[in-house]
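Colleague: Have a look at this one.
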Amino acid sequence: MIQAPRGTFDVLPDDAARREVVASHARRILGSAGFRRIETPAMEATELFARGVGEATDIVQKEMYTFDDGGGRSLTLRPEGTAPVCRAYLEHGMHKLPQPVKLWYLSSFFRYEAPQAGRYRQFWQVGAETIGVGEPAADAELILLFAELLDALGVRERHLRLSSLGTPEMRAEYRDELQRYLRAHEDELSAEVRGRIDANPLRAFDSSHAGTRGVMAGAPVLLDSLADDDAEHFAEVRTLLDDAGLGYEIDPTLVRGLDYYTRTVFEFTSDALGAQSAVGGGGRYDRLIEQLDGPPTPASGWAAGIERMLLAAGELPVAPDLVDVFVAVAPGFDHRAAFGLATAARRAGLASQLELSGRSLKGQLRHADRLGARYVAIIGDPITLRDMESGEQQETEIEAIIPTILRGKRL
31 MIQAPRGTFD VLPDDAARRE VVASHARRIL GSAGFRRIET PAMEATELFA
81 RGVGEATDIV QKEMYTFDDG GGRSLTLRPE GTAPVCRAYL EHGMHKLPQP
131 VKLWYLSSFF RYEAPQAGRY RQFWQVGAET IGVGEPAADA ELILLFAELL
181 DALGVRERHL RLSSLGTPEM RAEYRDELQR YLRAHEDELS AEVRGRIDAN
231 PLRAFDSSHA GTRGVMAGAP VLLDSLADDD AEHFAEVRTL LDDAGLGYEI
281 DPTLVRGLDY YTRTVFEFTS DALGAQSAVG GGGRYDRLIE QLDGPPTPAS
331 GWAAGIERML LAAGELPVAP DLVDVFVAVA PGFDHRAAFG LATAARRAGL
381 ASQLELSGRS LKGQLRHADR LGARYVAIIG DPITLRDMES GEQQETEIEA
431 IIPTILRGKR L
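Shown next, in the form of structure tokens:
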């Protein structure tokens, strides 16, 4: 039997309902703060991610689904959302609009990695981007909106980790210092970390290898090397979060797996997820749009995994689908009148379903009860309308059924 590819999954109706709860909260929370939804193509030019995300990142080196489109062009299924949004921002002239431009998305993404709890090769993320301003308040607002979304979903045991990466120039100086330190302890590092000392030494802080973790406990930290203006920016972000009453942990070892980050970086985790506790994160990326041949444009954003949030949220209340009227057919009667009534009810704004499976009348009433239908219209002789809450039933004309339901009259 053919099955879904490894690392992918079908979103079945009950799961889709839970995901719609996430989308509804995201729409409400982000929309109220001025964010407008954007959707970018599932595939982009490979160069977008090589230049934007970074040639040395694990995403570009190991995890992208890249293919020739048949015309000699290299395309990649999008592994993340920020670079495509920035491409759209430039392509459609959004830099000419009043700034900031606030955008949010809820989309599917693709990465080739080992499937595990809440992590898949095709996955969904909700994300938010504030483009065109460099103020610390933009960072703080994004973090608070992220926290509000997690709270609305009931994400359990959540924590916020916070740090700053400074500017690329300062980070380059720190990178040299860290590389010297790692080479001095090379024999104690994992083979993976040794292999990327030159290309991406900051990822050593993410290693779970015991020897590497011991080395990194004494490593120099980027936060101690911030320039004065970067330190002031970070202090203002913390002040705004303090004023809002949002708790956080300063984590000097926090690094993000993408090269475009500058200054503020953050990550929300949940103890409910176990060892792989990350729910989502983000930060400031003031140089990314310039790297994509745009004008210098400060920006900040975040993304969160839908699957990770749902796992951390546990049971998520889902409102049942509303059925105003179920149209049943008595034995020996034609479905034509039932079909016409169900269609007219929908055109009148009512949620209506009709019998399609040949059940007995008793079976139809049981099915309507399972659906939670408010009323059952029975096409027979006579035509009757049954109030499912009270159990009362009355004879009626077919033309009177829809007006009776619209008035909400109890039988």
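First residue of the sequence shown? That's 31 in the working numbering, and the numbers climb one at a time after it.
Glycine included, C-beta positions come from ideal geometry on N, C-alpha and C.
1) Going by the CB atoms, is the gap between residue 159 and residue 136 shorter than 9 Å?
2) Measuring only the C-alpha atoms, how far is residue 314 from residue 168?
3) Going by DSSP, which residues form a beta bridge with residue 132?
4) Give the list of continuous beta strand (DSSP E) stretches no shorter than 3 residues that lie fully inside the region 355–435.
5) Quick one: using the 10 Å Cβ neighbour count with 16 as the cut-off for buried, is residue 433 buried or exposed?
6) Hey, could you find the ends of the beta strand (DSSP E) residue 293 is sitting in?
7) Starting from residue 189, follow its DSSP beta bridges and name the residues at the other end.
8) For residue 61, which of helix, strand or coil comes out of DSSP?
9) So, helix, strand or coil for residue 220, using DSSP?
10) Within its chain, find whatever has a CB closer than 8 Å to the CB of residue 74; leave out the 5 residues flanking it on each side and keep chain order.
11) Have a look at residue 143 and residue 94 and give me their C-alpha separation to the nearest angstrom.
12) Residue 98 lies in the beta strand (DSSP E); which residues open and close that run?
13) On the CB-based measure, 16 or more other CB atoms within 10 Å of its CB, does residue 331 come out buried or exposed?
14) Apply the 10 Å Cβ neighbour rule to residue 122 and answer buried if 16 or more other Cβ atoms are within range, or exposed otherwise.
15) Which first and last residues belong to the beta strand (DSSP E) in which residue 311 is found?
16) Out of 110, 358, 139 and 271, which has the shortest C-alpha to C-alpha gap to residue 38?
17) Helix, strand or coil for residue 33? Go by DSSP, reduced to three states.
18) Hey, would you say residue 401 sits closer than 9 Å to residue 358, going by beta carbons?
19) Who pairs with residue 140 in a beta bridge, going by DSSP?
20) Out of 59, 130 and 173, state which residue places its alpha-carbon closest to the alpha-carbon of residue 270.
21) Is residue 322 closer than 9 Å to residue 6 when the C-beta atoms are compared?
22) Please look up how many angstroms separate the CB atoms of residue 84 and residue 289, rounded, as I've assumed it's under 8 Å.
23) Considering only DSSP beta bridges, list what residue 54 is partnered with.
24) Measuring straight from C-alpha to C-alpha, what distance separates residue 393 and residue 419?
25) Quick check: the Cα distance between residue 303 and residue 56, rounded to an integer number of angstroms?
26) Decide if the region 240–247 is in contact with the region 219–232; the criterion is three or more beta carbon pairs, one per stretch, under 8 Å apart.
27) State the DSSP-derived secondary structure class of residue 279, mapped to helix, strand or coil.
28) Which residues mark the beginning and the end of the alpha helix (DSSP H) in which residue 269 is found?
29) Applying the criterion that 16 or more other CB atoms from any shown protein chain within 10 Å of the CB defines a buried residue, is residue 195 buried or exposed?
30) When DSSP labels each residue in this structure, what does residue 214 get in the three-state scheme?
31) Between the Cα of residue 177 and those of 60, 46, 345 and 35, spot the shortest distance and give me the residue it belongs to.
32) Look up residue 242 in the DSSP assignment and say whether it is helix, strand or coil.
Modeller: Reading off the structure:
1) no
2) 9 Å
3) 160
4) 355–359, 382–384, 405–409, 414–417 and 423–425
5) exposed
6) 292–300
7) 299
8) helix
9) coil
10) 105, 106, 108, 113, 114 and 117
11) 9 Å
12) 96–98
13) buried
14) exposed
15) 308–314
16) 139
17) coil
18) no
19) 152
20) 173
21) Nothing can be reported for residue 6, as the shown portion of the chain is limited to 31 through 441.
22) 3 Å
23) In the DSSP output, where bridge partners are listed per residue, residue 54 has none listed.
24) 18 Å
25) 21 Å
26) yes
27) strand
28) 258–273
29) buried
30) helix
31) 60
32) helix
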